[in-house]
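These protein sequence lines are chains H and D, in that order. Here our numbering is used: the first sequence runs in plain steps of one and ends on residue 251. Here our numbering is used: the second sequence runs in plain steps of one and ends on residue 1419. Glycine is no exception: its CB is placed at the ideal position from the N, C-alpha and C atoms. What you are looking at is a predicted structure, and each value in this text was computed from that prediction instead of being measured. Here is the structure we will look at.
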Amino acid sequence: MFNVKMTDAKLLRDMITAISILIDEATFDITPQGIKLRAMDPSRVAMVDFEWPQTIFDEYNCSEPMKMCLNISEMLKLLRRVGKDESIELSLDEKTARLKMTIRGKYVRTFNMPTLEAMEEEVPTPKVTFKAKARATTDGLREAIEDASLVSDHVRIEADNEKMMMQATGSLMGATIELKKGSDALLNLEVKEPSKATYSLSYLSEIVKAASAASAVTTLEFSSDMPIKLNFEQEKEGKLTYYLAPRIEVE
Amino acid sequence: MYTAWTTKHKPGSLEEVVGNSEAIQTLAGWVKSWDKRIPKKRAAFLYGPPGVGKTVCVEALAHDLGMELVEKNASDYRTADMVKRFAGLASQYGTLFGHKRMVLLDELDGITGTADRGGVRAVIEVVKEAHCPVVLIANDVYNPRFATLRRYCLLIEFKKPTVLQVVKRLKEICRREGITAEDETLKFVAQRSGRDVRSAINDLQALAQGKKHLTHEDVSWLAERNRKEVIFNVLRTIFYSRDCTEAKRVLDTANVDRDMLFQWIYENVPHQLTDPEDLAKAMDSLSLADLYRGRIRSSQNWSLLRYVLDFMTAGVAMARERTKVGGWVPFRFPERIRWLSRTRSERDMRSRIGMKIRRKCHVSSVVAVKEFLPYLRIVFESNAGMACGIAEWLGLDEDMVEYLAGGKRQAKAIMKSLG
Chain H
1 MFNVKMTDAK LLRDMITAIS ILIDEATFDI TPQGIKLRAM DPSRVAMVDF EWPQTIFDEY
61 NCSEPMKMCL NISEMLKLLR RVGKDESIEL SLDEKTARLK MTIRGKYVRT FNMPTLEAME
121 EEVPTPKVTF KAKARATTDG LREAIEDASL VSDHVRIEAD NEKMMMQATG SLMGATIELK
181 KGSDALLNLE VKEPSKATYS LSYLSEIVKA ASAASAVTTL EFSSDMPIKL NFEQEKEGKL
241 TYYLAPRIEV E
Chain D
1001 MYTAWTTKHK PGSLEEVVGN SEAIQTLAGW VKSWDKRIPK KRAAFLYGPP GVGKTVCVEA
1061 LAHDLGMELV EKNASDYRTA DMVKRFAGLA SQYGTLFGHK RMVLLDELDG ITGTADRGGV
1121 RAVIEVVKEA HCPVVLIAND VYNPRFATLR RYCLLIEFKK PTVLQVVKRL KEICRREGIT
1181 AEDETLKFVA QRSGRDVRSA INDLQALAQG KKHLTHEDVS WLAERNRKEV IFNVLRTIFY
1241 SRDCTEAKRV LDTANVDRDM LFQWIYENVP HQLTDPEDLA KAMDSLSLAD LYRGRIRSSQ
1301 NWSLLRYVLD FMTAGVAMAR ERTKVGGWVP FRFPERIRWL SRTRSERDMR SRIGMKIRRK
1361 CHVSSVVAVK EFLPYLRIVF ESNAGMACGI AEWLGLDEDM VEYLAGGKRQ AKAIMKSLG
């Protein structure tokens, strides 16, 4: 048995949007304690690690651990219809293997969608020793990344004790963005060792854009030519973390 | 639970892969050369008949070298956008877990079959910019659509293994499954599969699963598989066969469109038969075939088809007398088919206008296109007022007017006075 209720349906919409950036089908791990998801994108350069404890929901009933696989893009289509001040209920019918979704606002609508065969692949957490750690406002980070996206599809991020730099070089134009320690956008910066690495802007911008709806502050951790970890701090409990592999540098 | 033996007994490492040791050596050498520097050819293109172990070999190699393999079938990346999104990212970025990476795009033949032509171009872009080994797999590397792509790839051919090699693999699987079988029996299975390892293993499973002992009676009914031969094989048989029956029979085993094949033969005859007398004879045969094609079309008497087929296969095959067999001459894609597809929209437009004229002038649309259209063009190009009247009378739409006027500006002028 699995059914949950949430007064703020927008919260679920934002979270599903954030997950949909990387994957089309998601296998959620559902336990009496909460919901978890860890998955890699098809090209295996990015990973999302998501967790919602049951306390985030207003009602949460789960009798036994189970896996539930959903077509995220289809689900998002339905969730896009969610407006302000609407509540949502999800319940899984195990006999028909369909998920029922009831949205209550000015009127009540009920959607149902099929669940898919769950994937068994276990994704481990990347083991990386991060040398640089920055805390930034998600909006500030989003602006900076959008600036860089104007000129290229990848960006080099550098950090030393004073500042964090983003450098994008496209075929025609280039951009340099500087975030000084203690500025409005960069709240904190700890650097054990000056680090630099290049990441995909298409993923970065989509991830930060989607996550900015659900988070105000982001922690970035990375090392030279190693993956980057983006942790979007949640207002309530819960976890939304992404990992992105670095670009392979040549010459 | 039912698992296919081809999956269950998939080679875990290169040592278990059947045959093709030379191709495997080349591939492994190329992948290892990435450790030193990026090789000139950033992609390896494995090609060969189905079921000879191309995919398995790449998977085993990645396993042996401890690399992360990111693989996709053509069905997963039908459009240019999806190719870029998946393969572009995978080939330029590292892994999250610190391994090296190899990207595999399997069943590339499928990508050309779809309407989206940008797919192959996107693959070329990915290959040019790749920062890690990219392996491509297809059955037919000489498909004209791969012409440009081939230049950027290290071509590695996978051949059918020998019957003995297939038998060896079948024996190993029998041992693991606890089945006893005589060599002769397994040899029969291997032969009947046409040395296709995958289908041999599938056959073996179908025949032997649940048994302790496999006898010759169990397998004897296995029919010879007539594999669909690709058009190149058909052409090869027709051009190099010295035997009428063989040349004729190739059509039965191949599932190719007859009219299409005619164009293929017609296009390639001058390149294959260089001796003028041979060429003349082959062309004579083709013209006879074409004559009968015409008669079938006008009389719908399909019993004449056998003459068309005999002339275009056996007739062409027997034309070779003086031209020496030697050297590899590539087959060309028929210009006519290319031309037809290039001019399709224009021909459509002309026949649509023809239909309009037909209705008003009581002539056939073919005559309308042939005899009326040229004059209409002159009128539409030079006299907007008169064109306007004609357009109104015939009931032409904006696209048709633009086509006849030969330009947007003139078309606008006509449409304006039309109101």
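Worksheet entry | Chain-ordered chain D contacts of Ser-200/H [CB-CB under 9 Å] | Within 9 Å Cβ-Cβ: Leu-1089, Gln-1092, Tyr-1093.
Worksheet item: From Ala-210/H to Ile-1124/D, what does the alpha carbon distance come to, in whole angstroms?
Response: A straight-line Cα-Cα distance of about 31 Å links Ala-210/H and Ile-1124/D.
Practice prompt. Could you pull out every unbroken alpha helix (DSSP H) segment of at least 4 residues lying fully inside the stretch 1139-1211 of chain D, listed in chain order?
Written response: Scanning the stretch 1139-1211 of chain D for uninterrupted alpha helix (DSSP H) segments of 4 residues or longer gives 1147-1151, 1163-1177, 1183-1192, 1197-1208, listed from N- to C-terminal end.
Item to complete: Return the chain-ordered list of same chain residues with a C-beta closer than 6 Å to the C-beta of Leu-1136/D, the five sequence neighbours on each side being excluded.
Response: Contacts found: Ala-1043, Phe-1045, Leu-1105, Leu-1108.
Fill in: Proximal residues to Val-1325/D (C-beta, below 8 Å), its chain only, five neighbours per side dropped
So the qualifying residues of the chain are Tyr-1240.
Fill in: Bridge-paired residues (DSSP) for Trp-52/H
Paired residues: Ile-35/H.
Fill in: Exposed unless 16 or more other CB atoms sit within 10 angstroms - verdict on Asp-1196/D
So Asp-1196/D counts as buried.
Worksheet entry | Cβ shell of Ser-1417/D (< 7 Å), same chain only, five flanking positions each side left out | Taken in chain order, the residues that qualify are Ala-1384, Gly-1385, Cys-1388.
Worksheet entry | Through-space distance from Leu-1404/D to Ile-1378/D, alpha-carbon basis | Cα atoms of Ile-1378/D and Leu-1404/D: separation of roughly 8 Å, rounded to the nearest angstrom.
Item to complete: Measure from the alpha carbon of Pro-124/H to the alpha carbon of each residue in Met-40/H, Glu-25/H, Leu-189/H, Ala-216/H, then state which is nearest.
Response: Ranked by how close their Cα comes to the Cα of Pro-124/H, the residues Met-40/H, Glu-25/H, Leu-189/H, Ala-216/H have Met-40/H in first place.
Worksheet item: What does a CB cutoff of less than 6 Å around Ala-134/H pick up in its chain, not counting 5 residues either side in sequence?
Response: Contacts found: Met-164, Leu-189, Leu-220.
Worksheet item: Mapping DSSP to helix, strand and coil, what is His-154/H?
Response: Correct three-state label for His-154/H: strand.
Practice prompt. Excluding the 5 residues preceding and the 5 following Trp-1302/D in the sequence, name in chain order all residues of the same chain whose CB lies nearer than 8 Å to its CB.
Written response: Once the five neighbours on either side are set aside, the close Cβ partners of Trp-1302/D are Ile-1296.
Worksheet item: Where do the N-terminal and C-terminal ends of the beta strand (DSSP E) with Met-1102/D fall, by residue?
Response: Start and end: 1100-1106.
Practice prompt. Let me know the secondary structure DSSP gives Pro-1374/D once reduced to three states.
Written response: DSSP places Pro-1374/D in the helix class (H, G or I) of the three-state scheme.
Item to complete: Could you round the C-beta distance between Ser-215/H and Thr-96/H to whole angstroms and report it? I think they count as a contact, below 8 Å.
Response: The distance from the Cβ of Ser-215/H to that of Thr-96/H is about 35 Å, inconsistent with a contact at the 8 Å cut-off.
Worksheet entry | Cβ pair count under 8 Å reaching 3, the stretch 1057-1071 of chain D against the stretch 217-237 of chain H | Result no; under three Cβ-Cβ pairs closer than 8 Å.
Item to complete: List the residues of chain H that Phe-1097/D touches, going by C-beta distances under 8 Å, in chain order.
Response: For Phe-1097/D, the chain H residues whose Cβ falls inside 8 Å of its Cβ are Pro-124, Pro-126, Lys-127, in order along the chain.
Worksheet item: Is the CB of Arg-44/H under 8 Å away from at least one CB in chain D?
Response: By this cut-off, Arg-44/H is an interface position.
Discussion item. Tell me which residue opens and which closes the alpha helix (DSSP H) that Asn-1268/D is part of.
Written reply: DSSP places Asn-1268/D in the uninterrupted alpha helix (DSSP H) bounded by 1258-1272.
Worksheet item: If Asp-259/H sits next to Lys-5/H, beta carbons under 8 Å apart, how far is it from one beta carbon to the other, in whole angstroms?
Response: This structure cannot speak to residue 259/H, because chain H is shown only from 1 to 251.
Worksheet item: Counting contacts by CB-CB distance shorter than 8 Å, is Trp-1030/D in contact with chain H?
Response: So no, Trp-1030/D is outside the interface.
Worksheet item: If you measure beta-carbon to beta-carbon, which residues of the stretch 1132-1145 of chain D are closer than 9 Å to chain H?
Response: Within the stretch 1132-1145 of chain D, contact with chain H at the beta-carbon level (separation under 9 Å) is assigned to Cys-1132.
Worksheet entry | Residue-level contact to chain H via CB, Glu-1068/D, 8 Å cutoff | It does; some Cβ of chain H falls within 8 Å.
Worksheet item: If you draw a straight line from the C-alpha of Ala-136/H to the C-alpha of Glu-178/H, how long is it?
Response: Each residue's Cα considered, the two are about 13 Å apart.
Worksheet item: Beta-carbon of Phe-1333/D versus every beta-carbon of chain H: anything under 8 Å?
Response: Look at Phe-1333/D: its C-beta is not under 8 Å from any C-beta on chain H.
Worksheet entry | chain D residues whose Cβ lies nearer than 8 Å to that of Leu-227/H | The amino acid occupying residue 227/H in the given sequence is Pro; Leu does not appear at that position. What Pro-227/H touches in chain D: Gly-1094, Leu-1096.
Worksheet item: According to DSSP, is Leu-1046/D helix, strand or coil?
Response: Note: Leu-1046/D maps to strand in three-state DSSP.
Worksheet entry | Assigned secondary structure, Phe-28/H (DSSP; H/G/I helix, E/B strand, else coil) | In the structure shown, Phe-28/H sits in a strand (DSSP, three-state: E or B).
Worksheet item: Quick one, are the C-beta atoms of Leu-186/H and Ile-145/H less than 8 Å apart?
Response: No, Cβ-Cβ distance for Leu-186/H and Ile-145/H is not below 8 Å.
Worksheet item: Which of helix, strand or coil does DSSP assign to Leu-271/H?
Response: With chain H running from 1 to 251 in the structure shown, residue 271/H is simply not present.
Worksheet item: How is the alpha helix (DSSP H) around Met-68/H delimited, first residue to last?
Response: Annotation for Met-68/H: no alpha helix (DSSP H) segment contains it, though the beta strand (DSSP E) segment containing it runs 66-71.
Worksheet entry | Which of helix, strand or coil DSSP assigns to Phe-955/D | With chain D represented from 1001 up to 1419, any question about residue 955/D goes unanswered, as that position is not in the structure.
Practice prompt. Would you mind sorting Met-1355/D into buried or exposed? The rule is 16 or more other CB atoms within 10 Å of its CB.
Written response: By the 10 Å Cβ count, Met-1355/D comes out exposed.
Discussion item. Is it buried or exposed, Arg-1293/D, if we count other Cβ atoms within 10 angstroms and call 16 or more buried?
Written reply: Buried.
Worksheet item: Using 8 Å as the threshold, is the stretch 1302-1318 of chain D in touch with the stretch 1259-1275 of chain D, meaning 3 or more CB pairs across them?
Response: They touch, by the three-pair rule.
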